[in-house]
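A.B. asks: The structure's right below; bear with me while I get my questions together.
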Amino acid sequence: MSTEQTPAFCVDLQNLEFSWPNGPQILCVRRFTIERSEKLFLQGPSGSGKSTLLGVIAGVFAPSAGDATVLNQPFHELNAANRDRARADSMGVIFQQFNLVPYLTLVENVLLPCRFSQARAEKVGATEAQRTDKARELLARLGLQDEANGARLASELSVGQQQRVAAARALIGSPSLVIADEPTSALDAETRDTFINTLLSEANDAAVLFVSHDAALSKHFDRLTAMDDINFNSTDNAAPERDHAITKAEA
Numbered sequence: 061m062s063t064e065q066t067p068a069f070c071v072d073l074q075n076l077e078f079s080w081p082n083g084p085q086i087l088c089v090r091r092f093t094i095e096r097s098e099k100l101f102l103q104g105p106s107g108s109g110k111s112t113l114l115g116v117i118a119g120v121f122a123p124s125a126g127d128a129t130v131l132n133q134p135f136h137e138l139n140a141a142n143r144d145r146a147r148a149d150s151m152g153v154i155f156q157q158f159n160l161v162p163y164l165t166l167v168e169n170v171l172l173p174c175r176f177s178q179a180r181a182e183k184v185g186a187t188e189a190q191r192t193d194k195a196r197e198l199l200a201r202l203g204l205q206d207e208a209n210g211a212r213l214a215s216e217l218s219v220g221q222q223q224r225v226a227a228a229r230a231l232i233g234s235p236s237l238v239i240a241d242e243p244t245s246a247l248d249a250e251t252r253d254t255f256i257n258t259l260l261s262e263a264n265d266a267a268v269l270f271v272s273h274d275a276a277l278s279k280h281f282d283r284l285t286a287m288d289d290i291n292f293n294s295t296d297n298a299a300p301e302r303d304h305a306i307t308k309a310e311a
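Counting from 1, position 47 in the sequence shown corresponds to residue 107 in the numbering used here; the numbering is continuous, with no gaps.
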């Protein structure tokens with residue numbers, strides 16, 4: 061009988077550094093972890109390295125040094141193509157700029173991960189009709205039922221509507237890790253809370269890394285982490301190590 065255990069962490073960064081070529085150091089992370097199924101809120105001001113950290117975890121950027129183990133894969137050892145494959149198969153990413161394809165419909169945009177990953181497609185449904193139904197269901201839960209049932213293009217939507225389409229695309233196919241970079245910036249307060257509740261509900265057993273400068277949103281999450289407590293860049297490499305975890309009960 062196998063004694064192999066599932067790793068405790070979905071994300072495990074150790075002694076990680078990131079710099080642009082010939083540029084200053086942006087990230088210096090001694091240890092940063094996310095447990096499997098954990099819902100983590102990451103807070104920090106503009107310029108603190110949040111989006112760069114997300115890019116490393118998503119495999120968009122390769123670390124300059126250190127270890128980045130994501131979904132049990134050593135991203136620091138993988139080339140860009142293999143990191144892209146891991147992201148397509150197992151991650152849902154909501155980018156700040158949404159990255160929707162403007163000439164595709166809402167449903168077509170949501171189903172893009174199924175075009176790039178057979179593993180994601182099989183989790184959604186065996187047929188195209190089943191996948192379309194699931195895409196429409198996700199869009200409806202995010203308040204876009206009327207838009208999803210028509211043939212509206214992504215380019216015809218408001219910024220807030222595009223944000224919700226990007227969330228549905230990230231959630232399709234039951235990813236193991238959902239990364240959300242300021243995903244509520246264009247939403248009003250009522251829509252924002254509905255959006256977060258739906259995101260966390262649909263993420264289910266997935267780990268969620270949610271980034272925002274608005275600490276008031278942290279009430280929805282298991283844990284709050286401040287960027288200043290995990291990123292010791294080149295100007296503060298000698299800073300003492302601190303506990304970066306603040307649980308929901310303590311926040």
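No residue lacks a Cβ here, since even glycine has one placed at the ideal position from N, Cα and C.
Tell me the rounded alpha-carbon separation between G107 and V120.
C.D. replies: 18 angstroms
A.B. asks: Spatial neighbours of R147 within its chain, please: C-beta separation below 6 angstroms, excluding the five flanking residues on both sides.
C.D. replies: A118, G119
A.B. asks: If you draw a straight line from the C-alpha of N209 to the C-alpha of P123, how long is it?
C.D. replies: Taking the straight line from one Cα to the other gives about 42 angstroms.
A.B. asks: Quick one: complete beta strand (DSSP E) runs, 3+ long, within the segment 107-187?
C.D. replies: 125-130, 151-154
A.B. asks: Restricting to Cα atoms, I'd like to know which of L277, E216, A249 is closest to A240.
C.D. replies: L277
A.B. asks: What do you reckon, are the CB atoms on P314 and A214 nearer than 8 angstroms?
C.D. replies: Missing from the structure shown is residue 314; the chain here goes from 61 to 311 and no further.
A.B. asks: Classify F176: buried if its beta carbon has 16 or more other beta carbons within 10 angstroms, exposed otherwise.
C.D. replies: exposed
A.B. asks: Please classify K110 as buried or exposed, where buried requires at least 16 neighbouring CB atoms within 10 angstroms.
C.D. replies: Around the Cβ of K110, a 10 Å sphere holds 16 or more other Cβ atoms; the residue is buried.
A.B. asks: Report yes if the CB atom of A266 is closer than 8 angstroms to the CB atom of L247, and no otherwise.
C.D. replies: no
A.B. asks: Among D274, G104, V170, V130, which one has its Cα closest to the Cα of A68?
C.D. replies: Closest option to A68, Cα to Cα, is V130.
A.B. asks: Express the C-alpha separation of T187 and C70 in angstroms, rounding to a whole number.
C.D. replies: 30 angstroms
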